[in-house]
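Shown next, in structure tokens, is the structure this report addresses.
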Amino acid sequence: MKQWSFADAEYAVKRKQTRREKFLQDMDRAVPWKVLADLIEPHYPKAGKGRHPYPLEMMLRIHFMQQWFSLSDPAMEEALYDMASMRGFAGLSLSSTSVPDETTILNFRHLLERNGLVAEILQAVNQWLSEQNLLVRQGTIVDTTLIDAPSSTKNKAGARDPEMHQTKKGNQWFFGMKAHIGVDVHSGLVHTVAGTAANVSDVSQAHALLHGQEEMVLCDAGYRGVQKRPENVDRQVSWHVAMRRGERKVLKGRLGRMKERMEKTKASLRARVERPFRVIKRQFGYVKVRYRGLAKNTAQLTTLFALGNLWMVRKGTDENDTRGASMKGAVTAKAA
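Under the working numbering, think of the first position of the sequence shown as 255, with each following residue one higher.
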């Protein structure tokens, strides 16, 4: 039986439940903890003659909270001391368990990166969602977003991250990386993630965002010519690339009206790709890279999108899925 401290007992009888507590309760139910723990367990240190490792699920819970609340390793350690809700979620008690320090939290993240487990976590989450009939593989939406990186040279190295680059969007310059994602048309869940420098073109990464089972692919005007690229010419899929704004403005007559309706239908489907970006940037607060180098930041992005998938389905399927499926059928029928 768990022994409570006076602080734990006082916290348990408080009247108001905070938004953080509600969020953690929702995610506690949404995350397939056993599936992910079984995936990591073969690589996790075993108890021996030395210091016993912390329980695997405890460290996994702490790692996920670090992503949800956009905390550094030292900030995560301090949050476990400060916030009873986080200690409760991790299964910690100040009276009976020591709190993992920032180095232990860092080492757990490195273990996931070193053994390539981050991509496997996304795959395991999506496999679990497929078994719950929440992920359909008939169509994919591809899109990209920019993630800022520190452009200052006031650091130990005296230089900007050499793996990050600048690019121009509209009349504004950005320095950082791009997150490329492939999203399921039916559910709006992310199935593939790729990270590149900001100056890499969107269309060059389209092939890496497909799982190979889709019948249709939707993308914005930035992917024009994607079907003619060597890596895509043999794919048996129907490509639906948005028209440029200038081309839509000159549409006239009956044929023009039909094309305009078609573009609006494709746009309404393609809009689903924006939700995962909103979740990681607004819900999880990820607006700037935390580490140096593409590998570490891509690993964090992959974890965030896996957790974003679980957040989006935490209360069951989206009520708009039926509408999305019917619209997908309309696009396919019109294209035929």
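By construction, the Cβ of each residue, glycine as well, lies at the ideal position given by its N, Cα and C atoms.
Select from ARG478, PRO354, LYS432 and LYS550 the residue whose C-alpha is nearest the C-alpha of ARG305.
To locate residue 305, count along the sequence shown from 1; it is residue 51. The option with the nearest alpha carbon to ARG305 is PRO354.
Near ASP397, what residues of its chain come up, given a Cβ to Cβ distance below 6 angstroms and the 5 sequence neighbours on each side ignored?
Locating residue 397 in the sequence shown gives position 143, where the first residue counts as 1. Excluding sequence neighbours, ASP397 sits near VAL527.
DSSP-derived helix/strand/coil call for LYS408
Translated into positions along the sequence shown, residue 408 becomes position 154. The three-state reading of DSSP puts LYS408 in coil, since its state is none of H, G, I, E or B.
When you compare the CB positions of VAL372 and THR556, do they come within less than 7 angstroms of one another, or not?
For the purposes of this step, residue 372 is identified with residue 118 of the sequence shown, where counting begins at 1. For the purposes of this step, residue 556 is identified with residue 302 of the sequence shown, where counting begins at 1. For VAL372 and THR556, yes; Cβs fall inside 7 angstroms.
Could you say which of LEU365, GLU332 and MET340 lies nearest to GLN279 if we only look at CA atoms?
Sequence index remark: in the sequence shown, residue 279 carries index 25 (1-based). Comparing C-alpha distances from GLN279 to each of LEU365, GLU332 and MET340 shows the shortest one belongs to MET340.
Tell whether a beta-carbon distance below 7 angstroms holds between LEU348 and GLY449.
Locating residue 348 in the sequence shown gives position 94, counting from the first residue. Locating residue 449 in the sequence shown gives position 195, counting from the first residue. No, these two residues do not count as a Cβ contact at 7 angstroms.
What residue ranges within the region 349-436 form continuous alpha helix (DSSP H) runs of no fewer than 4 residues, ordered along the chain?
Within the region 349-436, complete alpha helix (DSSP H) segments of at least 4 residues are found at 356-368 and 371-385, given in chain order.
What is the DSSP secondary structure of ASP572, counted as helix, strand or coil?
As a first step, residue 572 is located in the sequence shown; it is residue number 318 there, counting from the start. Here the model assigns ASP572 a pLDDT of 39, short of 50, so the residue's position is not dependable, and the following value carries that caveat. DSSP places ASP572 in coil when its eight states are reduced to three.
Below 7 angstroms between beta carbons: does that hold for GLY539 and SER326?
What you label residue 539 is simply residue 285 of the sequence shown in a count that begins at 1. What you label residue 326 is simply residue 72 of the sequence shown in a count that begins at 1. One thing to note: GLY539 has its Cβ no nearer than 7 angstroms to the Cβ of SER326.
Among residues of its own chain, excluding the 5 on either side of GLN376, which ones have a beta-carbon nearer than 6 angstroms to its beta-carbon?
Counting from 1 along the sequence shown, the entry for residue 376 is found at position 122. Per the sequence shown, residue 376 should be read as Leu rather than Gln. Cβ within range, chain order: THR556 and ALA560.
Compute the Euclidean distance between the alpha carbons of GLY436 and HIS364, then round it to the nearest angstrom.
Within the sequence shown, residue 436 is the residue found at index 182, counting from 1. Within the sequence shown, residue 364 is the residue found at index 110, counting from 1. As the crow flies, the alpha-carbon of GLY436 is around 26 angstroms from that of HIS364.
Quick check on the DSSP output: what are the complete beta strand (DSSP E) runs of length 3 or more inside the region 502-546, in order along the chain?
Runs found: none.
Along the beta strand (DSSP E) that carries GLY449, what are the first and last residues, could you check?
Stepping through the sequence shown from its first residue, residue 449 is reached at position 195. In the DSSP annotation of this structure, the continuous segment of the beta strand (DSSP E) that includes GLY449 starts and ends at 444-451.
Report the rounded CA-to-CA distance for MET319 versus MET312, giving the unit in angstroms.
Within the sequence shown, numbered from 1, the residue matching residue 319 stands at position 65. Within the sequence shown, numbered from 1, the residue matching residue 312 stands at position 58. Computed Cα separation, rounded: 11 angstroms.
GLU356 versus GLU295 - alpha carbon distance:
For the purposes of this step, residue 356 is taken as residue 102 along the sequence shown, with counting starting at 1. For the purposes of this step, residue 295 is taken as residue 41 along the sequence shown, with counting starting at 1. Rounded to whole angstroms, GLU356 to GLU295 spans 21 angstroms at the Cα level.
For LYS535, I'd like the list of residues in its chain whose CB is within less than 7 angstroms of its CB, leaving aside the five on either flank, ordered along the chain.
Translated into positions along the sequence shown, residue 535 becomes position 281. The beta carbon of LYS535 sits closer than 7 angstroms to the beta carbons of VAL541 from its chain, once the five residues preceding and following it are set aside; these are given in chain order.
Among LYS270, PHE277 and GLN271, the one whose alpha carbon lies nearest that of ARG568:
Here the question's residue 568 lines up with position 314 in the sequence shown. The residue among LYS270, PHE277 and GLN271 with its C-alpha nearest the C-alpha of ARG568 is PHE277.
If contacts are defined as beta-carbon pairs under 8 angstroms, then HIS494 and LYS520 qualify, I think. What distance do you get, rounded to the angstrom?
As a working mapping, residue 494 is identified with position 240 in the sequence shown. As a working mapping, residue 520 is identified with position 266 in the sequence shown. That belief holds up - the Cβ atoms of HIS494 and LYS520 are roughly 5 angstroms apart, short of 8 angstroms.
If ALA378 sits next to VAL289, beta carbons under 8 angstroms apart, how far is it from one beta carbon to the other, in whole angstroms?
Here residue 378 refers to the residue found at position 124 when the sequence shown is read from its first residue. Here residue 289 refers to the residue found at position 35 when the sequence shown is read from its first residue. Confirmed, Cβ separation roughly 6 angstroms.
Leaving aside the five residues before and after ALA209 along the sequence, list all residues of the same chain whose C-beta is less than 8 angstroms from its C-beta, in chain order.
The structure shown does not extend to residue 209, since the chain is modelled only from 255 through 590, so no value can be given for it.
Rounded to a whole number of angstroms, what is the C-alpha to C-alpha distance between THR571 and SER522?
The residue given as residue 571 occupies position 317 in the sequence shown. The residue given as residue 522 occupies position 268 in the sequence shown. Bear in mind that a pLDDT of 41 at THR571, under 50, signals an unreliable position, so the number given afterwards is only what the model happens to contain. Distance from the CA atom of THR571 to the CA atom of SER522, rounded to whole angstroms, is 18 angstroms.
Put ALA590 into one of helix, strand or coil per three-state DSSP.
Walking along the sequence shown from the start, residue 590 turns up at place 336. Note that ALA590 scores a pLDDT of 39, beneath 50, so its modelled location is shaky and nothing firm can be said.
Answer yes if the region 455-463 comes into contact with the region 479-490, meaning at least three C-beta pairs across the two stretches below 8 angstroms, and no otherwise.
A contact exists between the region 479-490 and the region 455-463.
Between GLU469 and SER492, which are expected to be in contact by the criterion C-beta below 8 angstroms, what is the C-beta distance as a whole number of angstroms?
On the sequence shown, position 215 is the one that residue 469 refers to. On the sequence shown, position 238 is the one that residue 492 refers to. Contact between GLU469 and SER492 holds: their C-beta atoms lie close to 6 angstroms from each other, under 8 angstroms.
Leaving out five residues on either side along the sequence, give the residues of the same chain with a beta carbon under 8 angstroms from the beta carbon of GLN467.
Here residue 467 is taken as the residue at index 213 of the sequence shown, counted from 1. Non-local C-beta neighbours of GLN467 in its own chain, meaning closer than 8 angstroms and more than five positions away in sequence, comprise ARG391 and GLN392, ordered along the chain.
I'd like the list of long-range same chain contacts for MET431, defined as Cβ closer than 7 angstroms, with 5 residues on each side in sequence excluded.
As a first step, residue 431 must be located in the sequence shown, where it is residue number 177. When the five nearest sequence neighbours on each side are left out, the beta carbons in the same chain lying within less than 7 angstroms of the beta carbon of MET431 are those of ILE401, ALA403, MET418, GLY449, THR450, ALA451, ALA452, VAL543, LEU548 and ASN551, in order along the chain.
Residue from PRO299, SER441 and ARG498 with nearest C-alpha to TRP565
Translated into positions along the sequence shown, residue 565 becomes position 311. With distances taken between Cα atoms, TRP565 lies closest to SER441.
For the beta strand (DSSP E) containing MET281, list its first residue and its last residue.
Here residue 281 refers to the residue found at position 27 of the sequence shown. Note, MET281: premise wrong, no beta strand (DSSP E); alpha helix (DSSP H) at 273-284.
Alpha carbon of LEU310 to alpha carbon of PHE343, nearest angstrom:
As a first step, residue 310 must be located in the sequence shown, where it is residue number 56. As a first step, residue 343 must be located in the sequence shown, where it is residue number 89. Approximately 14 angstroms, taken between the alpha carbons.
Pull the bridge partners of VAL454 from the DSSP assignment, please.
Position 200 of the sequence shown, counted from the first residue, corresponds to residue 454. Paired residues: none, contrary to the question.
By Cβ distance, which residues of its chain are closer than 6 angstroms to LEU360, with the 5 residues on each side in sequence left out?
Taking the first residue of the sequence shown as 1, we reach residue 360 at position 106. Once the five neighbours on either side are set aside, the close Cβ partners of LEU360 are ASP327.
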